[in-house]
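Chains as they are written, first to last, in UniProt numbering: chain A, 1 to 102; chain B, 1 to 102.
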DNA sequence: AAAACATATTGACATTTTTCTATGCGTATG
DNA sequence: CATACGCATAGAAAAATGTCAATATGTTTT
């Protein structure tokens with residue numbers, strides 16, 4: 001799994017806004033449609049729509065269209081990719097100091 | 001571990017900028033001082049200093065002052081907290097649909 | 001077919017973030 | 001002790017992001 005720096009930022013942007021974090025908390029109880037999410041968030045409908053796009057772009061959330069409703073849920077595949085990515089980017093290969101002052 | 005939505009955003013802001021992701025890649029080979037990081041990034045010194053502050057605030061990176069040098073490294077404790085947080089926020093408790101259209 | 005409904009898109013504005021130049025502060029060195 | 005060095009801070013400009021009102025799009029219902 002070789003993700004670019006840009007791709008990594010897209011994934012973690014999902015968790016860089018308080019409202020989006022709150023959306024995760026709401027989705028933890030299962031799939032919800034946008035209208036239901038809207039009830040619990042102090043946001044306008046277009047703003048929610050914008051956040052859901054950011055979340056879907058990250059891969060951490062997936063949308064499922066059913067008639068005129070959009071159902072959103074947390075993607076376990078997306079979560080696994082994010083976890084692997086976080087693990088990979090924070091892994092340290094060596095431990096000695098490489099500084100100019102060594 | 002009960003982190004607020006705000007605290008979560010502070011952690012993951014570390015990975016929302018391409019330059020900061022690149023800094024992680026550089027630190028994966030071990031501790032580096034700011035002057036050395038600066039050589040590999042196309043950034044001014046104050047801009048790097050700003051990014052290092054964001055990284056340290058996230059807890060994913062720690063700084064160690066030695067004389068006039070600042071040595072930065074990836075924090076494994078910080079990484080563990082971020083991993084736990086990501087796991088927790090993407091966990092799903094129920095799987096049935098809770099939508100208004102159920 | 002028209003009306004109602006759920007969501008997305010557009011365009012504008014406010015806020016936040018990124019970036020730089022200039023400067024300040026602490027530490028080491030001549 | 002004066003100077004140089006490494007890094008942080010202040011302030012300003014530019015870019016990106018979050019937000020909303022208005023509107024568009026697609027779907028269901030009457």
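We put the CB at the ideal spot given by N, CA and C, even for glycine.
So, with DSSP's three-state summary, where would you put residue 97(B)?
Residue mapping note: residue 97(B) aligns to position 97 of the second chain, counting from 1. Residue placement at residue 97(B) is flagged as unreliable, the pLDDT there being 48, under the threshold of 50; the coordinate-derived value follows with that caveat. Note: residue 97(B) maps to coil in three-state DSSP.
Would you please verify whether the beta carbon of residue 78(A) is less than 9 Å from any beta carbon of chain B?
Mapped onto the first chain, residue 78(A) falls at position 78. Yes, residue 78(A) counts as interfacial toward chain B.
For the beta strand (DSSP E) containing residue 63(B), list its first residue and its last residue.
Position 63 of the second chain, counted from the first residue, corresponds to residue 63(B). Residues 61-66.
Going by beta-carbon coordinates alone, are residue 83(A) and residue 87(B) separated by less than 9 Å?
Sequence index remark: in the first chain, residue 83(A) carries index 83 (1-based). Sequence index remark: in the second chain, residue 87(B) carries index 87 (1-based). Going by C-beta atoms, residue 83(A) is nearer than 9 Å to residue 87(B).
Mind listing which residues of the stretch 5-36 of chain B have their C-beta closer than 7 Å to chain A's C-betas, in chain order?
Correct list: 5, 6, 8, 9, 12, 13, 15, 16, 17, 18, 21, 22, 24, 28, 29, 30, 31, 32, 33, 35 and 36.
Alpha carbon to alpha carbon, how far is residue 91(A) from residue 55(A)? Give it in angstroms, no decimals.
Within the first chain, the letter at position 55 stands for residue 55(A). Within the first chain, the letter at position 91 stands for residue 91(A). The alpha-carbon atoms of residue 55(A) and residue 91(A) are separated by roughly 25 Å.
Would you call the stretch 7-16 of chain B in contact with the stretch 17-24 of chain A, where contact means no fewer than 3 C-beta pairs closer than 8 Å?
Taking 8 Å as the limit for Cβ pairs, the verdict is that the stretch 17-24 of chain A does touch the stretch 7-16 of chain B.
Between 2(B), 77(B), 48(B) and 85(B), which has its C-alpha nearest residue 62(B)'s C-alpha?
Residue mapping note: residue 62(B) aligns to position 62 of the second chain, counting from 1. Among 2(B), 77(B), 48(B) and 85(B), the Cα nearest to that of residue 62(B) is on 77(B).
Could you have a look at residue 71(A) and say whether DSSP puts it in helix, strand or coil?
Translated into positions along the first chain, residue 71(A) becomes position 71. If DSSP states are grouped into helix, strand and coil, residue 71(A) belongs with the strands.
Give a yes or no on whether the C-beta atoms belonging to residue 28(A) and residue 5(B) are separated by under 9 Å.
Position 28 of the first chain, counting from 1, holds the residue named residue 28(A). Position 5 of the second chain, counting from 1, holds the residue named residue 5(B). No, Cβ-Cβ distance for residue 28(A) and residue 5(B) is not below 9 Å.
Taking just the CA atoms, how far does residue 16(B) sit from residue 36(A)?
Here residue 36(A) refers to the residue found at position 36 of the first chain. Here residue 16(B) refers to the residue found at position 16 of the second chain. About 28 Å.
Under a three-way DSSP split, which group does residue 33(A) fall into?
Counting from 1 along the first chain, the entry for residue 33(A) is found at position 33. Here residue 33(A) sits in strand by DSSP.
Should residue 14(A) and residue 58(A) be called a contact, given that it needs their Cβ atoms to be closer than 9 Å?
Here the question's residue 14(A) lines up with position 14 in the first chain. Here the question's residue 58(A) lines up with position 58 in the first chain. Yes; because the gap between Cβ atoms is below 9 Å, this pair is in contact.
Under 9 Å Cβ-Cβ, which residues of chain B neighbour residue 83(A)?
For the purposes of this step, residue 83(A) is identified with residue 83 of the first chain, where counting begins at 1. Ordered by position in chain B, the residues that pass the 9 Å Cβ test against residue 83(A) are 83, 86, 87 and 90.
Return no unless some Cβ of chain B is closer than 9 Å to the Cβ of residue 60(A).
On the first chain, position 60 is the one that residue 60(A) refers to. Cβ-Cβ to chain B under 9 Å: yes for residue 60(A).
Buried or exposed: residue 39(A), going by 16 or more other Cβ atoms within 10 Å of its Cβ?
Here the question's residue 39(A) lines up with position 39 in the first chain. Classification for residue 39(A): exposed.
Taking all protein chains shown into account, decide if residue 50(A) is buried (16 or more other Cβ within 10 angstroms of its Cβ) or exposed.
On the first chain, residue 50(A) is found 50 positions in, with the first residue counted as 1. Classification for residue 50(A): exposed.
Give a yes or no on whether the minimum CB-CB distance between residue 49(B) and chain A is below 9 Å.
For the purposes of this step, residue 49(B) is taken as the residue at position 49 of the second chain. Residue 49(B) does not count as touching chain A.
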